[in-house]
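S.K.: Questions regarding the structure given below will be posed in turn.
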Amino acid sequence: MDPWIETCRGTVPPWETDVTEHWTIAFYFDRVAVAEAAIAEELGLFDRLRSGGFTRRYDVRFAREFRAGAAFHIDSAALAGDAGLRLGHRFVDSESGEVTTWFDEHWDGVPAVTAPNLAAWEGPEFEARPEPSSLARAIPAARGRVRTHELDEFGRFGLAPIVHKFTDACIQIGAAIGLTADYIQSARRAYSTFELRLKIDRAPQLGEPFRIDSCIAQLGNSSVRFVHVMHDPRTGEEIARLGQYGVQLDLDARRPAALAPELRERAQRLVAPTG
Amino acid sequence: MAAPFETYRGAASPWECDVTEHFTLAFYFDRIAMAEASLAERLGLIDILRAGGFPRRYDVRLTREQHAGSAFHIESAALDAKGGLRFGHRVVDSATGEITTWFAVHWEGVAAPLPGEFRCAWEAPAFGPLPQPTDLAGLIPSMAGRVQPGDLDEFGRMGLDGMAHKFSDAAVQFGAAIGLTADYIRTARRSFSAFELRLRIARAPRLGEDYRIDSGLAHLGNTSLRYLHVMREAGSGAEIARVDRYGVQLDLDTRRPAPLAPELRERAQRLLPMG
């Protein structure tokens, strides 16, 4: 029996696309939240997911874009070869059968399942990325409070809303280096993500405040790796962290494009030491 | 005097923009709801806000548009405690530092003290008295519905943005009544753009409550219009909230006011006489 089961099927509505003119990353997580709950139920882990209290990690690779109107489904499985619980989700273009996005998910401290039907990971390997050793160069990039419509089915700050806040942070730090709304429109350049490393230590509750600070951990010719850290502004406690690796994209050619010198100069100022 | 402090930071998403091709009004209120709660928490007033039961007024001046992908933040201040509490919020373009929108907020009849260390000097535009029509008989039906779970705020009542979205629906309905239909907007490249709002909320409805909105025209200029929308209980007719919306017909390409076409003016004239 195939260990991969279908956990979500749907489409990309036009209103879920962003200034990069493709499906915005937070909505991938909206669907993965559905897939995650479905596979947890299948594996008898639903109550564990509902009670929470453990760190979740999502390593994500975007291999191909989804545009408005795309039809897709998600296959999910428990993965073999790890002491802790490891789940895989793959987004499949329902028309072509091509895998477009890979999610490698870990529940830290939750023992691996002993299901007879564990899948092998066929997705990309995620190499270790150096984290900033200091956030002194990070800038304030998002701030707010958890609202009612941002709660998931378990009553906590949901996966997709958390990522929406990180997207806000990405737009803020993008604007800080010159990738403003005006620039995107006139220069036809925008930021496009190819890899994400998300770690959620805990999911805040309704009405809790949060703040995100962002910096650049790596600056290439066309590539930029942002690191966004969400924390509780009252205590400074880290809530979640996202490493976001992407390129500046030519919106017409859909190919990476080198940063203009004035943007590069501004970006240099936000590069944090890593190690 | 204290300085205003940051209560929100984020961005305008493409799906939060409207047919006028800018950040739609209700989403300003979505962010102001967060800013208001954060400010209240900082001032020790969150329990008063949570309990509710007092009318709130929001006088808003929009001085510059935000577009999809715009990065912005909100700075908030406690102003004074004469005849209720008065607060200010200003929306700031994070890339340029320019103030794009001003909110003056009144909590009518609330007698709580404002801590002196949080009082701020605030150089905002003045909002003069706005004469209200004495006869609402000429209003036309523009919206009706029922409070849905997605409309609720973190306190379990119809939220600011939930309410503002209903008034936006009413504005679209009323616009269509004078000829500013979806087809006309698309072909003539003209749409309504608000520059000032006066919102007064007498009480916030609960989940499942029925409401209706009636709308009328309180002013008709060459390019400018003033819409009045009144939200009432569907059963008793008791007023829940009202908004005065001052704006212009905008040329969507030049982003400048444009005179109403004669056929639209003629239709608008018929909706004008309000006592």
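For the record, the sequence lines run as chains H and Z. Mind the numbering: the first sequence is residues 199 to 473 in the working numbering, read in order. Mind the numbering: the second sequence is residues 953 to 1227 in the working numbering, read in order. Using N, Cα and C, we set each Cβ at its ideal position, and we do this for glycine too. These numbers were taken from a predicted model, which means no experiment stands behind them.
1) Among residues of its own chain, excluding the 5 on either side of Z:Cys969, which ones have a beta-carbon nearer than 8 angstroms to its beta-carbon?
2) So, helix, strand or coil for Z:Phe1147, using DSSP?
3) How about Z:Ile1130 and Z:Ala1220: are their beta carbons less than 8 angstroms apart?
4) Please look up how many angstroms separate the CB atoms of H:Gln446 and H:Ser420, rounded, as I've assumed it's under 8 angstroms.
5) Assuming H:Gly321 and H:Trp300 are in contact, meaning their beta carbons sit under 8 angstroms apart, how far apart are those beta carbons, in whole angstroms?
6) When the Cα of Z:Gly1097 is compared with those of Z:Tyr1163, Z:Gly1108, Z:Asp1087 and Z:His1117, which residue comes out closest?
7) Please confirm whether H:Ala307 and H:Gly342 have their CB atoms less than 8 angstroms apart.
8) For H:Phe408, tell me which candidate among H:Arg439, H:Phe392, H:Leu396 and H:Ala261 has the shortest Cα-Cα distance.
9) Take the Cβ of Z:Asp999 as the centre, count every other Cβ of all protein chains shown within 10 Å, and call the residue buried at 16 or more, exposed below.
10) Under DSSP, the beta strand (DSSP E) around Z:Met1115 begins and ends at which residues?
11) Considering only the beta carbon of each residue, do Z:Ala1076 and Z:Ala1056 sit closer than 8 angstroms?
12) Would you verify that the beta carbon of H:Leu449 is, or is not, closer than 8 angstroms to some beta carbon of chain Z?
13) Under a CB-based cut-off of 8 angstroms, is H:Ile382 close to chain Z?
14) Measuring from the CB of Z:Ala1128, is there a heavy atom of the ligand PLP at a distance below 7 angstroms?
15) Which term fits H:Asp450, buried or exposed, when burial requires 16 or more other beta carbons within 10 angstroms of its beta carbon?
16) Quick one: list the residues of chain H neighbouring Z:His974, beta-carbon separation under 9 angstroms, in chain order.
17) Can you give me the start and stop residues for the alpha helix (DSSP H) that H:Leu461 sits inside?
18) Under 7 angstroms, CB to CB, which of the residues in the region 330-359 of chain H have a partner in chain Z?
19) Please confirm whether H:Ile414 has its beta-carbon closer than 8 angstroms to some beta-carbon of chain Z.
20) Do H:Val210 and H:Gly286 have their C-beta atoms within less than 8 angstroms of each other?
21) Does the distance from the CB of Z:Arg1151 to the CB of Z:Ser1143 come in under 8 angstroms?
22) Would you please state the rounded distance, in angstroms, between the beta carbons of H:Val232 and H:Ala388? I believe it to be under 8 angstroms.
M.R.: Reading it off the structure:
1) Taking the first residue of the second sequence as 1, we reach residue 969 of chain Z at position 17. Excluding positions up to five away in sequence, the list reads Phe975, Thr976, His1019 and Ala1020.
2) Position 195 of the second sequence, counted from the first residue, corresponds to residue 1147 of chain Z. In the structure shown, Z:Phe1147 sits in a strand (DSSP, three-state: E or B).
3) Counting from one through the second sequence, the residue named residue 1130 of chain Z turns up at place 178. Counting from one through the second sequence, the residue named residue 1220 of chain Z turns up at place 268. Taking 8 angstroms as the Cβ cut-off, Z:Ile1130 and Z:Ala1220 qualify as a contacting pair.
4) Against the first sequence, residue 446 of chain H aligns to sequence position 248. Against the first sequence, residue 420 of chain H aligns to sequence position 222. Going by Cβ atoms, the distance from H:Gln446 to H:Ser420 rounds to 5 angstroms, so yes, they are a contact pair.
5) Within the first sequence, residue 321 of chain H is the residue found at index 123, counting from 1. Within the first sequence, residue 300 of chain H is the residue found at index 102, counting from 1. With 8 angstroms as the limit, H:Gly321 and H:Trp300 qualify as a contact, their Cβ atoms being about 4 angstroms apart.
6) If you number the second sequence from 1, residue 1097 of chain Z lands on position 145. Measuring from the Cα of Z:Gly1097, the nearest candidate turns out to be Z:Tyr1163.
7) Walking along the first sequence from the start, residue 307 of chain H turns up at place 109. Walking along the first sequence from the start, residue 342 of chain H turns up at place 144. The residue you asked about is not Ala; residue 307 of chain H is Gly in the sequence shown. In this structure, H:Gly342 does not lie closer than 8 angstroms to H:Gly307 by Cβ.
8) The residue you call residue 408 of chain H lines up with position 210 of the first sequence. Among H:Arg439, H:Phe392, H:Leu396 and H:Ala261, the Cα nearest to that of H:Phe408 belongs to H:Arg439.
9) On the second sequence, position 47 is the one that residue 999 of chain Z refers to. By the neighbour-count rule (16 or more Cβ atoms within 10 Å), Z:Asp999 is not buried but exposed.
10) If you number the second sequence from 1, residue 1115 of chain Z lands on position 163. It is not in any beta strand (DSSP E) - Z:Met1115 instead sits in the alpha helix (DSSP H) that spans Leu1112 to Ala1129.
11) Along the second sequence, read from residue 1 onward, the residue named residue 1076 of chain Z stands at position 124. Along the second sequence, read from residue 1 onward, the residue named residue 1056 of chain Z stands at position 104. Yes, the pair counts as a contact, with Cβ atoms nearer than the cut-off.
12) Position 251 of the first sequence, counted from the first residue, corresponds to residue 449 of chain H. So no, H:Leu449 is outside the interface.
13) Within the first sequence, residue 382 of chain H is the residue found at index 184, counting from 1. So, interface residue.
14) Ligands displayed in this structure: none; no statement on the ligand PLP is therefore possible.
15) To locate residue 450 of chain H, count along the first sequence from 1; it is residue 252. Answer is exposed; the Cβ neighbour count stays below 16.
16) Within the second sequence, residue 974 of chain Z is the residue found at index 22, counting from 1. Per Cβ cutoff of 9 angstroms: no residues; Z:His974 is ~10 angstroms from chain H at best.
17) Working through the first sequence from its first residue, we reach residue 461 of chain H at position 263. Where H:Leu461 is concerned, the enclosing alpha helix (DSSP H) stretches over Pro459 to Gln466.
18) Pro338, Ala339, Ala340, Arg341, Gly342, Arg343, Arg345, Thr346 and His347
19) As a working mapping, residue 414 of chain H is identified with position 216 in the first sequence. Chain Z contact via Cβ: absent.
20) Along the first sequence, one-based indexing puts residue 210 of chain H at 12. Along the first sequence, one-based indexing puts residue 286 of chain H at 88. Their beta carbons are not under 8 angstroms apart, which means H:Val210 does not touch H:Gly286 by this criterion.
21) Indexing the second sequence from 1 puts residue 1151 of chain Z at position 199. Indexing the second sequence from 1 puts residue 1143 of chain Z at position 191. Reading off the sequence shown, one finds Leu at residue 1151 of chain Z, where the question assumed Arg. In this structure, Z:Ser1143 does not lie closer than 8 angstroms to Z:Leu1151 by Cβ.
22) To locate residue 232 of chain H, count along the first sequence from 1; it is residue 34. To locate residue 388 of chain H, count along the first sequence from 1; it is residue 190. 27 angstroms between Cβ atoms; not a contact.
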